[in-house]
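Colleague: The listed protein sequences correspond, in order, to chains R and V. The numbers in my numbering rise by one with no breaks, and the one at position 192 of the first sequence is 192. Take any residue in the second sequence, note its place counting from 1, add 1000, and you have its number in my numbering. A virtual CB, placed ideally from N, CA and C, is assigned to each residue, including glycine. Right, I'll just put the structure down here and ask away after.
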Amino acid sequence: MSSYDFTPIPLNRRRRPTSRRFLVIVVLVSSMVLTLLGRLYYVQLLEKDKPTQTSGLLHDAAIVVPAPRGVIVDSTGAPLVDNTSVQVLTVSYDTLQQRPDHGAAVLAALADLLDTSASALAAEITPCSPKVPAPCWTGEPYQPVPVAANVPSSVVFAVGEHREQFPGVAIETESLADYPGGSLASHVLGYTSQITAADKKKDPSLSDSDQIGVSGLEESYDSILRGVDGKQVVQLSPQGYSVGAGSYTAPTQGDTLVTSINAKVQKLAESSLAQQIKDSRAAGKPATSGAVVVMDPQTGRVIAAASYPTYDPQEFVGGISDADYAKLTAPSANDPLLSRAIAGQYAPGSTFKLITSSSLLTHKEINTTSDYPCPGSVTIDGRVKTNYDSEVLGNINLENALGYSCDTFFYEPEANEYYRDQARVAKGEKPLEYLQAMAADYGVGSSPGIDLPAGEQAAGSYADRETRLARWNANKTQYCADAKSGFPDDKNAADRAYLTELAKENCTDGWRYRAGDNADMAIGQGETTMSPLQLAVAYSALVNGGRIWEPTIGWAEVNAAGKVVKTIKPTLRDRVPVKQSYLNYIANSLNFSRGWAVSGAFAYLGVPYKNEIGGKTGTAEVFGKADTSWLATWGPIVKTKTGAVSAKFVVVGMVEQAGTGATAAGPMLKRIWDGLLGYKQPAVIKGSQPATTLPKLKPQVQVSGK
Amino acid sequence: MSSVLSARDPRAPFSLTLGEPARVRRRGFDGVLAAAALALALCGAVLVWAATRDVSRAAGGNPNGFLYRHLVNILIAGGLAVLASRLDLRMLRVTGPVLYVLGVLGLLAVFAVGSTINGAHAWITLGAGFEVQPSEFMKLGLIIGLAVLFSVRARHREHLPPTTGDVLLALILIALPLGMVMLQPDLGSAMVLAAASFGVLIAAGVRARWTIGLILATVLVAILVVKTGMLADYQLARFASFTHPDKDLQGAAYNVHQAQIAIANGGLFGTGLFHGPQTNGGFVPEQQTDFVFSVAGEEFGLLGGAVLIALFAVLCWRGLRIARRADRTGQLIAVGIVCWFAFQAFQNIGMNIGLMPVTGLPLPFVSYGGSSMFAQGLALGVLEGIRRHSLAED
């Protein structure tokens, strides 16, 4: 710019502008003016379909009134999950704005009552906008803003009695879940959570304030428990301020879920489990966890399902805090959220001999009249397999083999079964795998189909040729790589050598299913696992004529008027292909009247009801851990007209790392049988038998938002 | 007394208004121009009041708040106009480059400390609820800057068209603020800057091949800008809603649709002041600023709208009249200002009645808003100053 010459232009050289340049400008400006006038004329007078306001001057909006969730009751009608109402104080921003002082006086008086400041309240209720930073109200301006929950009754009365002093302030009732039994049956009940964006995508009818079941019965029966939200219609000005109230639709509370759980039996199971954990620990065992299942074998309905450790579902009400959740999921907490009774799977040990015996008898590999050897040890494929404590019992029949829980008795026929199958494979035929087939018939390896979320029930497992090969195909590269590298990261030389040897074997022979594997499975070891619930289903088949139930907990859906909307019928999945006479033989062999020392009967020697029940212990060895203690029992035994052994309850117990079945699970289940059968106490369940009729429920008193 | 230089003496370095003969001072004022501007501003006050009364009351505010602030803005703008009219034209030649540089600095400041309103990063917040939009003042800065460039560079070859060098220099001067405003992105202001510059170029007598070339180049750049995604999403949506007005009535086209409902309500005579349901209902967003014309359309009908357009026509007529009589610098400035007002009014009213795509631009003198009102006041003052100066020279 420095090159510019700023001296004034001499005036005498000023030049008139050429008219051509001006003409261009004038034409441009004039055409703009004419265009505007023309278009305006068209828009206002000529246009045929003039645009019109379709929304009306007022439009309606709805405030969602959340429906209280349905309650869950036990088989006697006693609540397991109940509703409790809390008083919530709300302030309407709209109403306050219409006051001459914009509600300053109301907020000041309210702040006094609630022990807060008027400015904090004002900030809380002012709708958020680019000019209003947080804290602010994220909802619509016409929605009353909840400013205090669980307000003391003094505040409720103060606001209620001086309504004229508190325009726009209201006390509303909100319903929250309540657990009268504390942590009772928490794993079965589950919990709810505020809905997420993903939930809303799945079901657009959900409103943002809805709670949704995310675990246990709360999840699997969410649709009947949730109810239907009500709504308060408000009329809005075009700016979104409410100018009047419209219709009100009351919410409909969710229906009641009646379950087959008996709260008293459940409580007894939980306390006996906790007691056993304490006792086993006192006896020097780790006893890290345990589970109990009480089932009606004739219907597959679950009467109790206890797991230890447990948690308090109350922590999840209104949203669990991050700190509390971290505490529950910390490694030191030992996974209290896991429902071990249903979702845990463990080696069943000798309790599995029910299935092995069924298979051997059914396929005539042994019979009930002959004796077979029970040596202290047998050698299979060059490996020595011993009895528990290497006991030598000579030649015995199946009844004694079950009673004394002889392992070697079962090794030989199952090893022979394996060799016969190998011969078939060598001829290019399919192996028969009788034991695996029988395990599958008893429900091992498939989800039990209980009415809980699919992810909260264990399927159990067993090994066979096909799965062994599939696993090897999936992992052989890793096995062979490990065999080559020799685990250089492992500092312990002995471990390194063992792991390398194992990897070498897996690399070359990992696909091979061996005779020893079949022998392991015969006594519920190796890769065989079951959940306590699955074991209860299997033993139910023993005393119900061979029926495999899909267990159920839900029994009926009852509406607010107390009327049964739907009875939930258990599903019969299958029948085990075992003759009733064999089932009778096995059940009779294990009757506690025999007083087998190694069976659970030991704990029941002195009780009068000893002859009415039977059971089978299990002591499962787990690599690197103390033994898992199992006991599966049934009773009180009745003979049906056809002579079949039948029972009213199946009770299965498991304590991890607690020693033999007789020492831990034995006394644990005895306390439960004492209660069920009313030994030295009134029976905890009416008539010492599962409930057969639904409880009568009173019509509910509606808890709602208004 | 003879030793004192008279204001009319050509030898005087700067003419001062003090001591001017009374005859000149009287004639140095274009009453029609001022009256048209004042009439527009007062119409604006009524329209702003009508647009904000009910909505403010419903929101719990003072129903007359916008009116009061608008009247204060008018007073300040009037003051600025009087001050600017006192500036001598030769003073403007000196301050022209300064104004231009200040404008560019203001735009730069927006990038550093600016705030975003309605999608454009075009504002500097001064605190206490005051915001300045430097692009409004840039319009005047660019016009005067260009005018000074052409008049100073061409001082010795006035009868010939500007040289290629002059035009290229001018294009650089135009491109700098234009680019910065585009980046904000404030498409409306960019279009006004381009229109005003175009007017100055034509008035400066650039050759026809330049004019045609520039128009072609603009079209090309516009296509490139759309294709390469330089426009913000909201701007593209507005263009899309302009070409497909029935699509997305709740989204991008909502504003225009609501404004057109309001205007269609008006008919020949309008619904009457304060009786427009669309206006009172607050259906038209930004109705006191960019969509103020829709208030006139609804409550005063075709007649009211035509009166506003007529007032703008008068404004342009008087501005061009001043330009015809002014010296070269004044002429270029006056044409630039007229093109500014004319194009901005056309663009604004055009988008209200569905003739132009929506870009955030106020209606000159009418819309609520301080920055634009003050810049227009200054421009009006400059026009009056040019007139007074050229009369003084006759």
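With a threshold of 16 other CB atoms inside 10 Å of the CB of R/K278, please say whether the residue is buried or exposed.
Modeller: For the purposes of this step, residue 278 of chain R is taken as the residue at position 278 of the first sequence. Exposed, because fewer than 16 other Cβ atoms sit within 10 Å of the Cβ of R/K278.
Colleague: Under the assumption that V/A1264 contacts R/P51 (Cβ atoms under 8 Å), give the Cβ distance between them as a whole number of angstroms.
Modeller: On the second sequence, position 264 is the one that residue 1264 of chain V refers to. On the first sequence, position 51 is the one that residue 51 of chain R refers to. Contact holds; Cβ gap of about 6 Å.
Colleague: What is the rounded straight-line gap between the Cα of R/T84 and the Cα of R/S175?
Modeller: Within the first sequence, the letter at position 84 stands for residue 84 of chain R. Within the first sequence, the letter at position 175 stands for residue 175 of chain R. Those two C-alpha atoms are separated by around 6 Å.
Colleague: If distances are taken between C-alpha atoms only, which option among R/A587, R/I63 and R/L432 comes closest to R/Q235?
Modeller: As a first step, residue 235 of chain R is located in the first sequence; it is residue number 235 there, counting from the start. Residue R/I63 is the option with its Cα nearest to R/Q235.
Colleague: Who are the neighbours of R/F487 on chain V, taking C-beta pairs under 8 Å?
Modeller: In the first sequence, counting from the first residue as 1, residue 487 of chain R sits at position 487. Per Cβ cutoff of 8 Å: no residues; R/F487 is ~55 Å from chain V at best.
Colleague: I need the straight-line Cα distance from R/P313 to R/D199, nearest angstrom please.
Modeller: Locating residue 313 of chain R in the first sequence gives position 313, counting from the first residue. Locating residue 199 of chain R in the first sequence gives position 199, counting from the first residue. Those two C-alpha atoms are separated by around 21 Å.
Colleague: Cα separation between V/H1290 and V/V1358?
Modeller: Here residue 1290 of chain V refers to the residue found at position 290 when the second sequence is read from its first residue. Here residue 1358 of chain V refers to the residue found at position 358 when the second sequence is read from its first residue. Here residue 1290 of chain V is Asp; the residue named in the question, His, does not match the sequence. Using only the alpha carbons, I get a separation of about 9 Å.
Colleague: If you follow the alpha helix (DSSP H) that V/G1301 is in, where does it begin and where does it stop?
Modeller: Within the second sequence, numbered from 1, the residue matching residue 1301 of chain V stands at position 301. Run containing V/G1301: V1292 to R1325, per the alpha helix (DSSP H) assignment.
Colleague: Compare the C-beta of V/G1251 with all C-beta atoms of chain R and state if any pair is closer than 9 Å.
Modeller: Taking the first residue of the second sequence as position 1, residue 1251 of chain V is located at position 251. Below a pLDDT of 50, predicted positions are generally treated as unreliable, and V/G1251, at 48, falls in that range; no measurement from the model is reported.
Colleague: Let me confirm a value: R/T429 is counted as buried when at least 16 other C-beta atoms fall within 10 Å, else exposed. Which label applies?
Modeller: To locate residue 429 of chain R, count along the first sequence from 1; it is residue 429. For the record, residue 429 of chain R in the displayed sequence is Glu; it is not Thr. The residue in question, R/E429, is exposed, as its Cβ has fewer than 16 Cβ neighbours within 10 Å.
Colleague: Give the interface partners of R/E47 over in chain V, defined as CB-CB distance under 9 Å, in chain order.
Modeller: Here residue 47 of chain R refers to the residue found at position 47 when the first sequence is read from its first residue. Under the 9 Å cutoff, chain V gives A1264.
Colleague: Please classify R/I586: is it buried, with 16 or more other beta-carbons within 10 angstroms of its beta-carbon, or exposed?
Modeller: Stepping through the first sequence from its first residue, residue 586 of chain R is reached at position 586. It is buried - the Cβ of R/I586 has at least 16 other Cβ atoms within 10 Å.
Colleague: Out of R/G445, R/V73, R/R69 and R/E164, which has the shortest C-alpha to C-alpha gap to R/G230?
Modeller: Within the first sequence, numbered from 1, the residue matching residue 230 of chain R stands at position 230. Of R/G445, R/V73, R/R69 and R/E164, the residue nearest in Cα terms is R/R69.
Colleague: Name the DSSP beta bridge partners of R/T173, please?
Modeller: Walking along the first sequence from the start, residue 173 of chain R turns up at place 173. Note: R/T173 sits in a beta bridge opposite R/Q87.
Colleague: Are R/A665 and R/S629 close, meaning C-beta to C-beta below 9 Å?
Modeller: Here the question's residue 665 of chain R lines up with position 665 in the first sequence. Here the question's residue 629 of chain R lines up with position 629 in the first sequence. Yes, they are a contact pair.
Colleague: Roughly how many angstroms lie between the CA atoms of R/I450 and R/V537, to the nearest whole one?
Modeller: By 1-based counting over the first sequence, the position of residue 450 of chain R is 450. By 1-based counting over the first sequence, the position of residue 537 of chain R is 537. Cα to Cα, the separation comes out at about 11 Å.
Colleague: Given that a residue counts as buried once 16 or more other Cβ atoms are within 10 Å of its Cβ, and exposed if not, what is R/R340?
Modeller: Looking up residue 340 of chain R in the first sequence gives position 340. Its Cβ being crowded by 16 or more others within 10 Å, R/R340 is buried.
Colleague: Quick check on the burial criterion: 16 or more other C-beta atoms within 10 angstroms. Buried or exposed for R/H187?
Modeller: Stepping through the first sequence from its first residue, residue 187 of chain R is reached at position 187. Buried, since its Cβ has 16 or more Cβ neighbours within 10 Å.
Colleague: Are the C-beta atoms of V/R1025 and some chain R residue less than 9 Å apart?
Modeller: As a working note, residue 1025 of chain V is residue 25 in the second sequence. In this predicted model, V/R1025 has a pLDDT of only 45, less than 50, meaning its place in the structure is not dependable; the value taken from the coordinates is given anyway. It does not; no Cβ of chain R falls within 9 Å.
Colleague: Within a Cβ cutoff of 6 Å, which residues of the same chain sit near R/T619, ignoring the five residues on either side of it in sequence?
Modeller: By 1-based counting over the first sequence, the position of residue 619 of chain R is 619. Only G349, D627, T660 and G661 meet the Cβ criterion.
Colleague: Report yes or no: do the region 580-596 of chain R and the region 482-492 of chain R share at least 3 C-beta pairs separated by less than 8 Å?
Modeller: At 8 Å Cβ cutoff, the stretches do not touch.
Colleague: Going by beta-carbon coordinates alone, are R/T617 and R/L605 separated by less than 9 Å?
Modeller: Position 617 of the first sequence, counting from 1, holds the residue named residue 617 of chain R. Position 605 of the first sequence, counting from 1, holds the residue named residue 605 of chain R. No, Cβ-Cβ distance for R/T617 and R/L605 is not below 9 Å.
Colleague: With H, G and I counted as helix, E and B as strand and the rest as coil, what does DSSP make of R/E365?
Modeller: The count along the first sequence starts at 1 and reaches residue 365 of chain R at position 365. DSSP places R/E365 in coil when its eight states are reduced to three.
Colleague: List, in chain order, every chain C residue whose beta-carbon is nearer than 7 Å to that of V/G1165.
Modeller: Within the model displayed, chain C is absent; protein chains R and V are what it includes.
Colleague: Tell me whether R/I450 sits in a helix, a strand or coil according to DSSP, three-state version.
Modeller: In the first sequence, the residue the question calls residue 450 of chain R occupies position 450. Coil.
Colleague: How is R/I303 classed by DSSP in three states: helix, strand or coil?
Modeller: Your numbering for residue 303 of chain R matches position 303 in the first sequence. Here R/I303 sits in strand by DSSP.
Colleague: Applying a beta-carbon distance threshold of less than 9 Å, which residues of chain R neighbour V/G1350?
Modeller: On the second sequence, position 350 is the one that residue 1350 of chain V refers to. By Cβ distance, chain R contributes M32, T35, L36 and R39.
Colleague: Restricting to Cα atoms, I'd like to know which of V/V1167, V/L1183, V/M1180 and V/K1227 is closest to V/F1198.
Modeller: Looking up residue 1198 of chain V in the second sequence gives position 198. For the residues V/V1167, V/L1183, V/M1180 and V/K1227, the minimum Cα distance to V/F1198 belongs to V/V1167.
Colleague: Assess contact between the region 1336-1355 of chain V and the region 1289-1305 of chain V, defined as three or more Cβ pairs (one per stretch) separated by less than 8 Å. Is contact present?
Modeller: Yes, they touch.
Colleague: May I have a chain-ordered list of the alpha helix (DSSP H) segments no shorter than 4 residues that lie completely inside the region 204-241 of chain R?
Modeller: Correct list: 216-220 and 222-225.
Colleague: Suppose contacts are defined by Cβ-Cβ distances below 9 Å. Is V/G1382 in contact with V/I1144 by that definition?
Modeller: Mapped onto the second sequence, residue 1382 of chain V falls at position 382. Mapped onto the second sequence, residue 1144 of chain V falls at position 144. A small correction: the amino acid at residue 1382 of chain V is Val; Gly does not occupy that position in the sequence shown. Yes, they are a contact pair.
Colleague: Under DSSP, the alpha helix (DSSP H) around V/P1177 begins and ends at which residues?
Modeller: Counting from 1 along the second sequence, the entry for residue 1177 of chain V is found at position 177. Taken as a continuous stretch (DSSP letters only), the alpha helix (DSSP H) holding V/P1177 covers T1164 to L1183.
Colleague: Which whole-angstrom value is the C-beta distance of R/M530 and R/G460, which I expect to be below 8 Å?
Modeller: Locating residue 530 of chain R in the first sequence gives position 530, counting from the first residue. Locating residue 460 of chain R in the first sequence gives position 460, counting from the first residue. 4 Å between Cβ atoms; contact.
Colleague: Less than 9 Å between the beta carbons of R/V292 and R/A305, yes or no?
Modeller: As a working mapping, residue 292 of chain R is identified with position 292 in the first sequence. As a working mapping, residue 305 of chain R is identified with position 305 in the first sequence. In contact: R/V292 and R/A305 (Cβ atoms closer than 9 Å).
Colleague: The alpha helix (DSSP H) that contains R/C136, what's its start and end?
Modeller: Stepping through the first sequence from its first residue, residue 136 of chain R is reached at position 136. Here R/C136 belongs to no alpha helix (DSSP H), and DSSP marks it neither H nor E.
Colleague: Nearest to R/T259 by alpha carbon, out of R/K285, R/I342, R/L89 and R/P79?
Modeller: Position 259 of the first sequence, counted from the first residue, corresponds to residue 259 of chain R. For R/T259, the nearest C-alpha among the options comes from R/P79.
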